[in-house]
Amino acid sequence: MTTRTDIVPLNDSEMAASTASLTRLRDALNNVLFGQESLIEMVMIGLLSRGHLLLEGLPGLGKTELVKGLAKALQLDSKRIQFTPDLLPGDITGNPVLQEVEGRRTFVFQPGPLFAHLVLADEINRASPKTQSALLEAMQERQVTVMGVAYALPNPFFVLATQNPIELEGTYPLPEAQLDRFLLKIEVRRSALEALEKIVLNRKIGVEPEVPPVLSREDLVGLLDLTQRIYLPPVVANYIARLVDGTHTVAGLGIKYGASPRAALALAAAARSRALLHGRPNASTEDVRAVVHPILQHRIILDYNARLDGASSATVVEKLLAEIPPHDLERPKTLLDAKLR
Amino acid sequence: MPNQDKSLTDAQIWRHHAKVVSIRVNFHHWLSRVVPKLFVLLILVALFDLFRRETALPARWSESLLLLGTGCVSAWAWLQARKHLCSPSEALVRLETVLGLHNQLSSAQAGILPWPVARLKIDDGYGLNWPQILKPLLAGLAFLWAAHFVPVSKAKLGAGSEPISEPPEFAQVQSWINALKADDLIEPDKIEEAQAALDKLRERPAQDWYTQSNLEAADSLKQLTEQSMNSLAHDLDQADQAVESMRDKMANSSDPGSLQPVQDQLRQAEENLASGNFPLKREIVEQLKNGESTTDKPLSASQLAALHERLKKGKLAAQTAPKAKNVLSDEMEQAMADAALGDGPGRRELVPGGGGVGGGKKSAPLELQPRDKSSPDGTPTQVGSDDMSRASLGETLKVSASQPQVDPRSYLGMQNAGAAQVQGNGGEAVWRSTYDPGEADTLSRFFK
Chain A
1 MTTRTDIVPL
11 NDSEMAASTA
21 SLTRLRDALN
31 NVLFGQESLI
41 EMVMIGLLSR
51 GHLLLEGLPG
61 LGKTELVKGL
71 AKALQLDSKR
81 IQFTPDLLPG
91 DITGNPVLQE
101 VEGRRTFVFQ
111 PGPLFAHLVL
121 ADEINRASPK
131 TQSALLEAMQ
141 ERQVTVMGVA
151 YALPNPFFVL
161 ATQNPIELEG
171 TYPLPEAQLD
181 RFLLKIEVRR
191 SALEALEKIV
201 LNRKIGVEPE
211 VPPVLSREDL
221 VGLLDLTQRI
231 YLPPVVANYI
241 ARLVDGTHTV
251 AGLGIKYGAS
261 PRAALALAAA
271 ARSRALLHGR
281 PNASTEDVRA
291 VVHPILQHRI
301 ILDYNARLDG
311 ASSATVVEKL
321 LAEIPPHDLE
331 RPKTLLDAKL
341 R
Chain B
1001 MPNQDKSLTD
1011 AQIWRHHAKV
1021 VSIRVNFHHW
1031 LSRVVPKLFV
1041 LLILVALFDL
1051 FRRETALPAR
1061 WSESLLLLGT
1071 GCVSAWAWLQ
1081 ARKHLCSPSE
1091 ALVRLETVLG
1101 LHNQLSSAQA
1111 GILPWPVARL
1121 KIDDGYGLNW
1131 PQILKPLLAG
1141 LAFLWAAHFV
1151 PVSKAKLGAG
1161 SEPISEPPEF
1171 AQVQSWINAL
1181 KADDLIEPDK
1191 IEEAQAALDK
1201 LRERPAQDWY
1211 TQSNLEAADS
1221 LKQLTEQSMN
1231 SLAHDLDQAD
1241 QAVESMRDKM
1251 ANSSDPGSLQ
1261 PVQDQLRQAE
1271 ENLASGNFPL
1281 KREIVEQLKN
1291 GESTTDKPLS
1301 ASQLAALHER
1311 LKKGKLAAQT
1321 APKAKNVLSD
1331 EMEQAMADAA
1341 LGDGPGRREL
1351 VPGGGGVGGG
1361 KKSAPLELQP
1371 RDKSSPDGTP
1381 TQVGSDDMSR
1391 ASLGETLKVS
1401 ASQPQVDPRS
1411 YLGMQNAGAA
1421 QVQGNGGEAV
1431 WRSTYDPGEA
1441 DTLSRFFK
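So the sequence lines, in the order shown, correspond to chains A and B.
Each residue of the first sequence is one higher than the last, beginning at 1 in the working numbering.
Each residue of the second sequence is one higher than the last, beginning at 1001 in the working numbering.
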C-alpha cells in the first residue's frame, strides 16, 4: 500500500468551512432552479474542478437562469454570448480598434465577451467552426490571442455552453476535440410535477429571481485550492484508469473510439470535487461512479453496430460500470458476490 | 493518548478483519481450483476401484490412491491459486467497498486519514456458491460409491472372493497318472513328462483356465493321455495273453515249434509296449524278451506266472482310462437307435415315426413343422437341427419347399419402356409441380 503522499489533507476546520460555503451556494442555486438538485450538484462539481460545462437540453428548462444565478451568487463577472452562424471569432474574443493615444493613432485591443469569469455560450452549436475553434483556445489555455498578442483571461474562468439537441438544421455539431474540452456534458431534464408547481407559484415571466451573493471570488478560489488537496487513494486512481482503459479494451460494448487520458484527469478532478461537496477529505470509487456518466458519455464514439442496436452513450457507460468493479480483487468461483453499495 | 490508543485499536480491528477476509478469499481460490480436480480424481479412483475388485487387489490400494491423489491435487491447486491470492491490503479495499466506507480504510492505511470507528462484526459481502462446491464432489463420490458397491460379474471374480475350481480334465489326467505311478510298470521319465505337461496347464492363472485356448489344451492333453492309456491297456492285454498262452504251452507241450506263434505275438506286443507313449520299464521289457527267446535264458514257469500277474495288474491300471467315447449327444444316440429300429429308407410311408431317414418309431426330434409339406416328388425335404443349444445366428435350421406369391391382377400387359404416360398441357406441369399452392394462386391471379 502507498505511504503518505505530499498532499496535506484537509483539517476539520477547513472541511467545516468549505462544507458551509458550498451548502450556502447549493441552497442559493436551489432557490433559482427548482427540482434540479442533481443538475446543480454537477454544475458545482464542474465549478470546483475548474472545468467547462456543456448543458444540453430543450429550451426553457432554466439553463441560462442557472448560469445567471451562479454568477450572482458568486459575485463573478458574467457574459452571455448568443451563438449564431454569422458570429465571427473576433466577436467573442475582442477586436483591435484604431484609437488615438497620446496624439498617435494606434490599434488598441477591445476585449470581447470572453473576458469574464463566467461565460454563457448559448446554443454553441449554431456558431461556425471557425468561431467554435476560437473558443477552443480560450477554454483550454485560458487566454486569447489577437494579432499575435496573447491576452490572459480572468481567473477563475468558466465556460458554460448550452446546446439544443433537437433543432439540428443549420447547426455545426461540435467536433470531438472540442467536446473533449468540456469537463462535463450534462443533460438538463424537465422538472418533476412538484417542481413545476413550485415554479408556477414562485416565478413570473420577465422577472429574474433575486439571488443573494453567498461567496466572493476569493472564497471561490480558496475552495478551488482546497479541492486540489482532497486525497485520491491509489485504489481510486486504479479504478479510474481501469474505467478509461475499459472504453478501449472491454469487448462487446460497441465503442469505436474510447476516452482519452484527459477523461481520466477529468474523472479524478470531478471525484475530488464531489468528495469536497459531500464533506469528505478523500475521493472514493463511489464519487467516480457518480460522475462517470457526464464525463465519459460525450468522449466515446459508438460503432455502427451499437447505434443500429439502439445503444446510446449512456447505456454503454452503464455497461462499462457493470463490467469493471470498483476493486480488481478477483472473486473465486466458489463465492457469490453480494451487490455492492 | 486516548485518541491515539483508540485509533490504534480501530486500526488493529480493521486489519484483523482484512486478514480474515483475505484468508477466506484465498481459501476459496484454492477450493475453486481443487474441486474440479477432485471430481476427476474421484472418477479415476472409481475406475481403479472397479479394476481392483475385478483383479482382487486389496482395498488399501484404492484408499492409498485416493489419499495420494488428494494430496497431489491439493498441492497442484495451491500452486495455481498462488497467482491469484489477495493480500490483507486488497481485502481492506474489498471491505471498504462493501461497507460503503468511501475508501476511508485505504486512506487510513496510507496514513492520510484516521481510521474509521471499527465494527466488531462485519459482512464481507461474499456468499458461498454451494452448487459450485457440492455438485462436482457429490457426483464424484456417487461414482466412487457406485464403483465400490456395484456387483462385479462372478465370472471375473479373482482368488480374493471365491476359488476357481479347475477343469475336470485336470483331475481326470491326474488320476490316470497316479494310477500309472502306483502300478510301477511304466518308465518314470515318461510319467514325469505327462505330469509336467499337466502342471504346466495348472500353473496358468486360474481366471484363464476356462478360456478357449486353455480348454482346448486341457482337452487335447486328456485325449492324448487317454489314447496312450488305451493303447497301453491293449498292448498289455496282448502281452498278457501271449504270456499266458506260452505258460500253457510250456506246461502241456514240449515241442518248441508250437511256441513260435505265441513268441511272435509276444514280440509284437513287446515292441509296441517299448515304443508307446507310456513305454514299459526296461526290466519288464527284458523279461518279455526273455519270454520270446527259446535259447537265451528262457523264463521258468514261476517267472512266467509272476510276469503274467504283473501284466494283468498293469492292464487293469491302464484300463482305468475309458475307451474312446461316442461324442454324440444322448438325443442323437437315441435318434440313431430309433433309426436303427425303423425299416430304413426304402419304406414309402413317410410319416413321422414311420421309419426311414429321420423317422423311427417315435416322432422325429426337434421337428418344427408337421411333415405334410412335401416337395413335388413326394420326398421330405426338411432339415432339422438335433441340438438347438449348438445353433447359432444365421445358421440354417430348416429348408422347405415354397413358391413365390404373385398377384395375377397386378399384370398390366405389354408396355413401352421410357414412354410418357401423361402428356399434360403445355406449361401446366411446370408451375403446378414447382410452386406451392399459395405461390401458384398468386401467379395465376397475376397473369389474369
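Every residue, glycine too, gets a C-beta built ideally from N, C-alpha and C.
None of the values given here were measured: they were computed from a predicted structure.
Exercise for the section: Identify the continuous beta strand (DSSP E) that holds Asp-27(A) and give its terminal residues. Expected result: Residue mapping note: residue 27(A) aligns to position 27 of the first sequence, counting from 1. Element bounds for Asp-27(A): not the beta strand (DSSP E) but the alpha helix (DSSP H), 12-32.
Handout entry: chain A contact for Leu-1157(B) (CB, 8 Å cutoff)
Key = For the purposes of this step, residue 1157(B) is taken as the residue at position 157 of the second sequence. Unreliable positioning characterises Leu-1157(B) in this predicted model, as indicated by a pLDDT of 47, which lies under 50. A coordinate reading is not provided.
Practice task
Please work out which residues of its chain come closer than 7 Å, Cβ to Cβ, to Ile-7(A), disregarding the five sequence neighbours upstream and downstream, and give them in chain order.
Solution key: Sequence index remark: in the first sequence, residue 7(A) carries index 7 (1-based). Within the same chain, Arg-229, Tyr-231 come within 7 Å of Ile-7(A) by CB-CB distance, once the 5 residues on both sides are set aside.
Practice task
List the residues that DSSP assigns as beta-bridge partners of Arg-203(A).
Solution key: Indexing the first sequence from 1 puts residue 203(A) at position 203. None, per the DSSP bridge assignment.
Exercise for the section: Show which residues of chain A have a CB atom less than 8 Å away from the CB atom of Leu-1113(B). Expected result: For the purposes of this step, residue 1113(B) is taken as the residue at position 113 of the second sequence. Against chain A, the beta carbon of Leu-1113(B) has neighbours under 8 Å at Pro-9, Tyr-231, Pro-281, Asn-282, listed in chain order.
Handout entry: Reduced DSSP secondary structure (H/G/I, E/B, other) of Glu-158(A)
Key = Against the first sequence, residue 158(A) aligns to sequence position 158. Residue identity differs from the one stated: residue 158(A) is Phe in this sequence, not Glu. Phe-158(A) falls in the strand class under three-state DSSP.
Exercise for the section: State buried or exposed for Pro-294(A), treating a residue as buried only when at least 16 other CB atoms are found within 10 Å of its CB. Expected result: Mapped onto the first sequence, residue 294(A) falls at position 294. With 16 or more Cβ atoms within 10 Å of its Cβ, Pro-294(A) is classed as buried.
Practice task
Please decide whether Lys-1037(B) counts as near chain A, where near means a Cβ-Cβ distance under 8 Å.
Solution key: Translated into the one-based positions of the second sequence, residue 1037(B) becomes position 37. Chain A contact via Cβ: absent.
Handout entry: Buried or exposed by the 16-neighbour rule on C-beta atoms within 10 Å, applied to Pro-326(A)
Key = Indexing the first sequence from 1 puts residue 326(A) at position 326. Pro-326(A) is buried by the Cβ-count criterion.
Problem - Within chain B, partners of Val-236(A) - CB distance below 7 Å - result: Locating residue 236(A) in the first sequence gives position 236, counting from the first residue. Those are Asn-1103, listed as they occur along chain B.
Handout entry: Straight-line gap, Asn-305(A) to Gly-258(A) (C-alpha atoms, nearest Å)
Key = Within the first sequence, numbered from 1, the residue matching residue 305(A) stands at position 305. Within the first sequence, numbered from 1, the residue matching residue 258(A) stands at position 258. Rounded to the nearest angstrom, the two C-alpha atoms are 16 Å apart.
Practice task
Return helix, strand or coil for Pro-1136(B), following the three-state DSSP convention.
Solution key: To locate residue 1136(B), count along the second sequence from 1; it is residue 136. Correct three-state label for Pro-1136(B): helix.
Problem - Local Cβ density within 10 Å of Phe-1278(B), reported as buried at 16 or more and exposed below that - result: Here the question's residue 1278(B) lines up with position 278 in the second sequence. Looking at its Cβ environment, which holds 16 or more other Cβ atoms inside 10 Å, Phe-1278(B) is buried.
Problem - Nonlocal neighbours in the same chain, by C-beta distance under 7 Å from Lys-319(A), ignoring five residues either side - result: The residue you call residue 319(A) lines up with position 319 of the first sequence. Here the set comprises Leu-253.
Practice task
Would you mind sorting Leu-1215(B) into buried or exposed? The rule is 16 or more other CB atoms within 10 Å of its CB.
Solution key: Looking up residue 1215(B) in the second sequence gives position 215. Exposed: under 16 other Cβ atoms inside 10 Å.
Handout entry: Start-to-end residues for the alpha helix (DSSP H) that takes in Val-1152(B)
Key = What you label residue 1152(B) is simply residue 152 of the second sequence in a count that begins at 1. Run containing Val-1152(B): none; DSSP gives neither H nor E here.
Exercise for the section: State yes or no: is the C-beta of Phe-115(A) within less than 8 Å of the C-beta of Pro-154(A)? Expected result: Here residue 115(A) corresponds to residue number 115 of the first sequence, with the count starting at 1. Here residue 154(A) corresponds to residue number 154 of the first sequence, with the count starting at 1. Cβ atoms of Phe-115(A) and Pro-154(A): closer than 8 Å.
Problem - Those residues which DSSP pairs with Pro-111(A) across a bridge - result: In the first sequence, residue 111(A) corresponds to position 111, counting from 1. DSSP output for Pro-111(A) lists Gly-94(A) as bridge partner(s).
Handout entry: Rounded straight-line distance, which links the Cα of Asn-1026(B) to that of Leu-1085(B)
Key = Numbered from 1 along the second sequence, position 85 holds the residue referred to as residue 1085(B). Numbered from 1 along the second sequence, position 26 holds the residue referred to as residue 1026(B). Our two residues, Leu-1085(B) and Asn-1026(B), have alpha carbons roughly 5 Å apart in a direct line.
Exercise for the section: State yes or no: is the C-beta of Ile-186(A) within less than 8 Å of the C-beta of Leu-39(A)? Expected result: Along the first sequence, one-based indexing puts residue 186(A) at 186. Along the first sequence, one-based indexing puts residue 39(A) at 39. Yes, the pair counts as a contact, with Cβ atoms nearer than the cut-off.
Exercise for the section: Return the CA-CA distance between Pro-1058(B) and Arg-1052(B), expressed in angstroms with no decimal places. Expected result: Counting from 1 along the second sequence, the entry for residue 1058(B) is found at position 58. Counting from 1 along the second sequence, the entry for residue 1052(B) is found at position 52. CA-to-CA, the gap between Pro-1058(B) and Arg-1052(B) works out to about 7 Å.
Exercise for the section: Please check if any C-beta of chain A sits within less than 8 Å of the C-beta of Cys-1072(B). Expected result: Walking along the second sequence from the start, residue 1072(B) turns up at place 72. Taking Cβ atoms only, chain A never reaches closer than 8 Å to Cys-1072(B), which makes this a no.
Problem - Interface flag, Arg-1053(B) vs chain A, CB-CB below 8 Å - result: The residue given as residue 1053(B) occupies position 53 in the second sequence. Contact with chain A is absent for Arg-1053(B), since none of that chain's Cβ atoms lies less than 8 Å from the residue's Cβ.
Practice task
Check distances from the C-beta atoms of the region 320-334 of chain A to those of chain B and list, in chain order, the residues that come in under 9 Å.
Solution key: Answer in chain order: Pro-325, Pro-326, His-327, Asp-328, Leu-329, Glu-330, Arg-331, Pro-332, Lys-333, Thr-334.
Exercise for the section: Taking Gly-1127(B) as the query, report the chain A residues whose CB atoms sit under 9 Å from its CB, ordered along the chain. Expected result: Start at 1 with the first residue of the second sequence, and residue 1127(B) comes out as number 127. Correct list: Leu-335, Leu-336, Asp-337, Ala-338.
Problem - Short CB-CB distance (under 8 Å) between Glu-286(A) and chain B - result: For the purposes of this step, residue 286(A) is taken as residue 286 along the first sequence, with counting starting at 1. Chain B contact via Cβ: present.
Handout entry: Continuous beta strand (DSSP E) stretch holding Ala-150(A): start and end
Key = Sequence index remark: in the first sequence, residue 150(A) carries index 150 (1-based). Looking at the DSSP string, the run of the beta strand (DSSP E) that includes Ala-150(A) is 149-152.
Exercise for the section: Kindly list the residues whose CB is nearer than 8 Å to the CB of Val-1152(B), restricted to its own chain and excluding five residues on each side of it in sequence; keep chain order. Expected result: Within the second sequence, numbered from 1, the residue matching residue 1152(B) stands at position 152. Closer than 8 Å at Cβ, skipping near neighbours: Leu-1050, Arg-1053, Glu-1054.
Practice task
Would you verify that the beta carbon of Gln-1132(B) is, or is not, closer than 8 Å to some beta carbon of chain A?
Solution key: Your numbering for residue 1132(B) matches position 132 in the second sequence. Yes, Gln-1132(B) lies at the interface with chain A (some Cβ there is under 8 Å from its Cβ).
Problem - Beta-carbon proximity of Leu-1266(B) to Ala-1274(B), cut-off 8 Å - result: As a first step, residue 1266(B) is located in the second sequence; it is residue number 266 there, counting from the start. As a first step, residue 1274(B) is located in the second sequence; it is residue number 274 there, counting from the start. Against a cut-off of 8 Å, the Cβ pair of Ala-1274(B) and Leu-1266(B) comes out as no contact.
Practice task
Could you tell me whether any Cβ in chain A is nearer than 8 Å to the Cβ of Thr-1211(B)?
Solution key: Against the second sequence, residue 1211(B) aligns to sequence position 211. Not an interface residue.
Problem - Limits of the unbroken alpha helix (DSSP H) element including Gln-1227(B) - result: Mapped onto the second sequence, residue 1227(B) falls at position 227. If you look at Gln-1227(B), you'll find it in the alpha helix (DSSP H) that goes 1212-1252.
Practice task
State the Cα-Cα distance for the pair Asp-328(A) and Arg-1060(B), rounded to the nearest angstrom.
Solution key: Here the question's residue 328(A) lines up with position 328 in the first sequence. Here the question's residue 1060(B) lines up with position 60 in the second sequence. Rounded to the nearest angstrom, the two C-alpha atoms are 46 Å apart.
Handout entry: Strand pairing of Phe-182(A), partner residues [DSSP]
Key = For the purposes of this step, residue 182(A) is taken as residue 182 along the first sequence, with counting starting at 1. DSSP lists His-52(A) as the beta-bridge partner residues of Phe-182(A).
Problem - Listed by chain order, chain A residues near Glu-1090(B) by CB distance under 8 Å - result: Locating residue 1090(B) in the second sequence gives position 90, counting from the first residue. Result: His-327, Leu-329.
Handout entry: Where Glu-1193(B) sits in the DSSP three-state scheme
Key = Here the question's residue 1193(B) lines up with position 193 in the second sequence. Three-state DSSP puts Glu-1193(B) in a helix.
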